[in-house]
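Quick mapping for you: the protein sequence lines, in order, are chains A and B.
Per my numbering, the very first residue in the first sequence carries number 233; after that it's consecutive.
Per my numbering, the very first residue in the second sequence carries number 176; after that it's consecutive.
For each residue, glycine too, the CB sits at the ideal point set by N, CA and C.
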Amino acid sequence: MPSSFRGLILLALLAFMLAACSAPEAPRFNAANMTGVEYGKDLRMQDADGKERTLADFRGKVVMIFFGFTQCPDVCPTALSRAVAVRGMLGEDAKKMQMVFITVDPERDTPEVLRAYMLAFDPDFVALHAPLARTAEIAKSFNVFYQKVPTGDSYTMDHTATSFVFDPTGRLRLAVPHNMPPELIAADIKTLLATTR
Amino acid sequence: MHRFVTATVLSLAMSLPAWAQVSIDDPWVRATVPQQRATGAFMQIRSAVDARLVEARSPAAAVVEIHEMKMENDVMKMRAVPALDLPAGQTVELKPGGYHVMLIDLKAQVKEGDVVPLTLVVEGKDGKREEIALDAPARPLNQPMQHQHGKPHKMH
Ligand SMILES: [Cu+2]
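Structural data, given as structure tokens:
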């Protein structure tokens, strides 16, 4: 091995060790750390009142985004109920958490349905919708999968059940699996609120 | 709170077979908002002998299916299944994250506290069918995740 190359490796190692020592300990999370991944950069959709929304509207808050549909009997209400529980655990910091529900079924999830659905959980929750093509683009920008599956004369939706968490500066930070309990999510959100500046 | 509901058993055949022992525990339906056309019903089913849940009906919905929910790589997939095995003496749970009775094309909003009538059709090994009528109260849409009672059951 040429000595210059060995020197390079040594130097890199030294730099790594220095960085590891001098940097304040990186926050640890229960959910998957997505820091550095750029999902949903171009998120622009209408809320149930017809107002255009982007992530910038929620600066200063931790934003948790979930993709779903209201005809869903199971994971979607469970994810939203969990978000209600998380807010409850945050106490005073609840006002620094914004839950956002993005419908993957805009044909059936009209603004009226979405508004009523959010109210059934928490009047502070925001539901976003867009025409089909735009919905597909946005889901793709989150690496979210969904598809219509016919059942009887109707259809249901397969969809990613991960919740995505953005820090108060609007950076994607966490991917929360569907089965993570609310106390672990609340702890992560507290960490984000304490460490983001 | 743990409620026990004994189901009324209406036998199709005149002579009620000795094995006709199916009990339904804690049935509930998730309430809906206006214009929401579908929801799920949950319960625990226990059959004294090997049997299968082959059909469900309700006057509250045009279409009623038995559904299985599965997670694959954190993608939620929900599918109709032709039948749900009810092994003898075992409690089979229909609960969020597993099986449910799917009510599609609801005729009206299901409000919290409403009672949704359901009919389950259970088939024994001999092919004989019995119908079980039950009333499932509607719990709020935001009914939180439930604590597991009993072991999760896998169908084969
Ligand atoms: Cu279903």
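Check, Outcome
"Proximity test, M251(B) beta-carbon vs ligand 1 heavy atom, cut-off 7 Å", "no"
"Contact with chain A by D280(B), beta-carbon distance below 8 Å", "yes"
"Simplified DSSP state of F290(A), which is helix, strand or coil", "helix"
"Inter-residue Cα distance where the pair is I307(B) and A235(B)", "16 Å"
"Ligand 1 heavy atom lying under 7 Å from the CB of P305(A)", "yes"
"Unbroken alpha helix (DSSP H) run spanning V276(B), endpoints", "Element bounds for V276(B): not the alpha helix (DSSP H) but the beta strand (DSSP E), 274-281."
"Identity of the residue in V332(A), E324(A), D325(A) nearest S313(A) by Cα", "V332(A)"
"Span of the alpha helix (DSSP H) around V307(A)", "307-322"
"Bridge partners - P292(B), DSSP secondary structure assignment", "D310(B)"
"For T367(A), the three-state DSSP class (helix, strand or coil)", "helix"
"C-alpha distance - M344(A) paired with P363(A), whole-angstrom precision", "Looking at the sequence provided, one finds Glu at residue 344(A) rather than Met. The straight-line gap from Cα to Cα measures roughly 15 Å."
"Buried/exposed call for G320(A), threshold 16 Cβ in 10 Å", "exposed"
"Assigned exposure category for D399(A) - 16 Cβ within 10 Å defines buried", "buried"
"Contact set between the region 310-325 of chain A and chain B, restricted to residues whose Cβ is under 8 Å from the partner", "T310, L312, S313, R314, V316, A317"
"As assigned by DSSP and simplified to three states, the class of Y271(A)", "coil"
"C-beta atoms of F261(A) and L425(A) nearer than 8 Å", "no"
"Option nearest G300(A) by Cα separation, candidates R366(A), T394(A), G323(A)", "T394(A)"
"Short CB-CB distance (under 8 Å) between A393(A) and chain B", "yes"
"Spatial neighbours of V307(A) in its chain, beta-carbon cut-off 8 Å, leaving aside the 5 residues before and after", "G300, A393, H410"
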